Ligand SMILES: Nc1ncnc2c1ncn2[C@@H]1O[C@H](COP(=O)(O)OP(=O)(O)OP(=O)(O)O)[C@@H](O)[C@H]1O
Ligand code: SF4
Ligand SMILES: [Mg+2]
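In our numbering, the protein residues as written are 4 to 327.
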């Protein structure tokens, strides 16, 4: 297994108490696999990603438990210089906002080349050639000229391609993309997503694709992990999950997607709001919003039940949910 996260916990001290942003996340990513992580705003997707990458600011964040096994080694036990080497060379991150992730005062060629100079000791001249190759690879037109341009001289879509090129420069085994297309126009979104999916296949990397758009992931992901209030509440192969969700929250998300064949019908939306992370409800965190909730749900937190060897659900009544 490439990445195995076990019962990860991260908190923030907030004005009204402690915010449990990551509240026992357990998930796995295999080499060559794309895992989509889906969840409403504030469910802990980015904090989980930052913790895995080792870029969480501590303070204000505090890792209070769990393990992050990367190729069997617990990253939380490594020294900072070892983590820094792994980051970039073996795992890399793609952010939503390329403009703030790239350095505004360096040309994109220098930034891309720097990866090779720092990590591989490549000469400046060779690094420049590698940068042009990479820009070609992510289909930036006239790469040989544009390598001298600064980030602000590119369109949003082209900048996102440059960030993808930076992440893939050293051919890492794992890439985490945190809403990589959210800031782009719809047509450009599709192009960038297609490119990412193509490169994922070509490099056979493990890809974690964070999104709040269930529509985007159906074509590119192998598996989906659904997050709610800092936990993964369902994880399943894409097609199984679409066919029959094993968690009422997943069912609510699926029923919220506009469908052409139901045009004119009122869209089902999950009632209520996600809980405050300083006051996560006892028992199942979803119970105040769950149409299937019963007494036991208000007192007993559901473990991540094994539905089958590929699937997990944190719902006491996953069987009923599966049966529809
Ligand atoms: N720097 C911080 N200081 C204090 N609390 C934070 C900080 N970063 C995150 N949090 C807390 O962690 C929660 C989860 O944040 P996170 O960014 O992981 O959500 P997300 O699922 O990525 O949401 P979105 O879809 O909006 O990106 C936040 O609601 C907030 O309570
Ligand atoms: S455990 Fe209960 S409240 Fe939670 S999702 Fe399942 S049925 Fe709903
Ligand atoms: Mg986020």
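Backbone N, C-alpha and C define an ideal beta-carbon position, used for all residues, glycine too. Just so you know, these numbers come straight off a predicted model, no measurement behind them.
The segment 48-61 makes contact with the segment 79-97, as at least three CB pairs between them are under 8 Å. Inter-segment contact for the segment 34-53 and the segment 205-215 is present: three or more beta-carbon pairs are separated by less than 8 Å. Rounded to whole angstroms, residue 314 and residue 24 show a C-alpha spacing of 24 Å.
Within the segment 99-178, complete alpha helix (DSSP H) segments of at least 4 residues are found at 101-104, 111-123, 127-140, 146-149 and 159-171, given in chain order. Within the chosen limit of 8 Å, ligand 1 reaches the beta carbon of residue 15 through at least one heavy atom. The DSSP-derived three-state label of residue 307 is coil. Taking a contact as a CB-CB distance under 8 Å, the pair residue 70 and residue 79 counts as one, their CB atoms being some 6 Å apart. For residue 64, the closest of 106, 17, 27 and 30 by C-alpha to C-alpha distance is 17. Inter-segment contact for the segment 190-205 and the segment 108-124 is absent: fewer than three beta-carbon pairs are separated by less than 8 Å. Here residue 234 has 26 and 27 as same chain residues with Cβ atoms under 6 Å from its own Cβ, once five neighbours each way along the sequence are excluded.
For residue 319, the three-state secondary structure derived from DSSP is coil. If you draw a straight line from the Cα of residue 293 to the Cα of residue 251, it is about 7 Å long.
Residue 240: not part of any alpha helix (DSSP H); member of the beta strand (DSSP E) spanning 234-240, first to last residue. Taking C-beta atoms as the reference points, residue 99 and residue 106 fail to come closer than 9 Å. Note: residue 231 is bridge-paired with 234 in the DSSP secondary-structure output. Between residue 229 and residue 289 the beta-carbon gap is near 11 Å, outside 8 Å, which marks them as no contact. Residue state for residue 92 is assigned as helix, using DSSP reduced to three classes.
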